[in-house]
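To keep things clear, I will list the structure first and then write my remarks on it.
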Amino acid sequence: MQTREIVVSGIRPTGFLHLGNYFGAIRQYLHMQQTYECYFFVADYHSLTTHQNPHELRNHVYRVLAEYLACGLDPEQATIYVQSDMPEKAELYLLLNMLAYKGELEKVPTFKEKIRGKKEGINAGLLTYPVLMAADILIHRATKVPVGKDQEPHLEMARNLASRFNQKFGFLFPEPTAYSETGTLLKVPSLDGKGKMSKSENEMATIYLADSDDIIRKKLARAKTDAGPQTPHSPKSPEIENLFLLLKLVSAPETLAYFEQAYDNCTIRYGELKQQLADDIISLIAPIRERAAALQKDIHTLQKIRKQGAEKACASARQTLLQARALMGIQYD
Ligand code: ADP
Ligand code: TRP
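Numbering (this note's numbering), first residue to last: 95 to 427.
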């Protein structure tokens, strides 16, 4: 029997999922679950590095699970689980920490960004965030990791740790790479032209999978534009480039071509573009929103899926952890 390539990815339960999560990560999960051996999880330990509200966590974890399923992840095809349901991962994280250097961790761009302007409260979990992420991936000996552009530095760290382990103790881990179907990792921009859509920042500039039709229209109406092209074939400003990128993601190719042409010959009306964009985003999101709301009420089904997923995922993880321990000499029987 030919073995299938292994795929791993996760999303932190830090708030409602949004279009960035959908196009950067989930849409690829949907395609990959049909061909690869896939493990998709809820990264609850990772969320504790920045979000520590014990009263919210359970709800947030089940919401991500519900949104995964509502988007079309299929527990029969992919293994869907919650990070903290797998103790093997925490142990591999501990072992990999012995191979990670303080200097390299301090240089990781996401770490630098998260501590910018902060003098206190920088916890060690934040510094070793990429080590835990490497454990997430290496515990399954995965090769492909579907993620958005922001995760590239973390994948580099995972490759470094894998190769360092292999060199020091003997081969165990293939080196994983960030994966995107198109070959280019995606960054879905926020509607205010500043940075990317994100779960916990600039709410009015991010479109969530749980947003009502009304809110989606309001957010798009407020999206930044410019004075419009003054001469044919002029370059687009960053705000307009962002709207076109969204159009490319959610609308039909003819629709995109229609607005490209209107832009090029200076007849474009941004109001019309925004309305079209809102319609197409609503067609994508409304059914996901309804399914997720229904699933969230059915906690028994979600719990069952979570437990079955953990069982399957842990069986694969146990083997890897035993090999890692043996290679490191932790074997005393
Ligand atoms: P957030 O940054 O919104 O808190 P996560 O950090 O949990 O979300 O990201 C989960 C996945 O979604 C990762 O693969 C990440 O690269 C992807 N992702 C998040 N935001 C975007 C975005 N704006 N564009 C593309 N991918 C994104
Ligand atoms: N760090 C990722 C993010 O913030 C989430 C994540 C945790 C992840 N572990 C992972 C993604 C393993 C892919 C593989 O988006």
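For each residue, glycine too, the CB sits at the ideal point set by N, CA and C.
DSSP-derived helix/strand/coil call for residue i
i: G403; result: helix
i: P247; result: helix
i: G423; result: coil
i: Y66; result: The chain is shown only over 95 to 427; residue 66 falls outside these bounds and no answer can be derived.
i: P283; result: strand
i: K290; result: strand
i: A299; result: helix
i: R362; result: Sequence inspection shows Ile at residue 362; the Arg mentioned does not correspond to that position. Coil at I362, not helix or strand.
i: T395; result: helix
i: A304; result: coil
i: A351; result: helix
i: T414; result: helix
i: M372; result: What sits at residue 372 in the sequence shown is Ala, not Met. DSSP places A372 in helix when its eight states are reduced to three.
i: A346; result: coil
i: A172; result: coil
i: A272; result: strand
i: A317; result: coil
i: Q261; result: helix
i: K330; result: coil
i: F338; result: helix
i: L255; result: helix
i: Q324; result: coil
i: L367; result: helix
Assumed close pair residue i, residue j - CB separation to whole angstroms, cut-off 8 Å
i: I301; j: L113; result: 5 Å
i: I100; j: A228; result: 15 Å between Cβ atoms; not a contact.
i: I334; j: T319; result: 6 Å
i: L415; j: E131; result: The pair is not a contact, with the Cβ atoms about 18 Å apart (cut-off 8 Å).
i: D305; j: K281; result: Not quite, the Cβ-Cβ distance comes to about 20 Å (not below 8 Å), so this is no contact.
i: G291; j: R316; result: A quick correction: the sequence has Met, not Gly, at residue 291. 14 Å between Cβ atoms; not a contact.
i: I362; j: G322; result: 7 Å
i: G197; j: L421; result: That belief does not hold up - the Cβ atoms of G197 and L421 are roughly 25 Å apart, past 8 Å.
i: E161; j: L111; result: 5 Å
Own chain residues within Cβ distance below 8 Å of residue i, not counting five before or after
i: E200; result: K206 and L221
i: N296; result: S284, D286, K288 and G289
i: A119; result: S103, I105, P240, V241 and G242
i: L193; result: L255, R258, F259 and K262
i: I209; result: I216 and L220
i: L371; result: L314, L337, L340, L341, V344 and S345
i: T108; result: S141, T144, H145, H154, K293 and S294
i: V176; result: F135, V136, D138, V155, L159, R400, G403 and A404
i: T325; result: C360
Closer than 8 Å to chain B by CB, residue i
i: A299; result: Absent here is chain B; the protein component of the structure consists of one chain.
Own chain residues within Cβ distance below 6 Å of residue i, not counting five before or after
i: V202; result: P224 and P247
i: R98; result: Y130 and E131
i: L350; result: L341 and K342
Same chain, Cβ closer than 7 Å to residue i, five either side skipped, listed in chain order
i: G166; result: L124
i: S257; result: E269
i: A164; result: I382, R385, A386 and L389
i: N115; result: I105
i: L186; result: A229, L232, I233, L415 and A418
i: A272; result: V239, V241, Q245, E246, L249 and L279
i: K437; result: Here the chain has residues from 95 to 427 only, and residue 437 is not among them.
i: K398; result: none
i: R412; result: E182
i: S178; result: D138 and Y139
i: M251; result: V202, P224 and A228
i: M126; result: V101, C132 and P240
i: L378; result: V344
Counted within 10 angstroms of its Cβ, other Cβ atoms place residue i as buried (16 or more) or exposed
i: Q146; result: exposed
i: A418; result: buried
i: T510; result: One cannot answer for residue 510 here, as it falls past the ends of the chain, which runs 95 to 427.
i: D392; result: exposed
i: Y195; result: exposed
i: Y357; result: buried
i: M95; result: Any reading at M95 must be qualified, since the residue scores a pLDDT of 48, below 50, and its modelled position is unreliable; no value is offered.
i: P329; result: exposed
i: L303; result: buried
i: D427; result: exposed
i: Q128; result: exposed
i: A409; result: exposed
i: P347; result: exposed
i: P332; result: exposed
Whole alpha helix (DSSP H) elements within the segment 184-251, 4-residue minimum: 196-200, 203-209, 218-221 and 223-232
Inside the segment 95-165 only - beta strand (DSSP E) runs reaching at least 3 residues: 100-105 and 131-136
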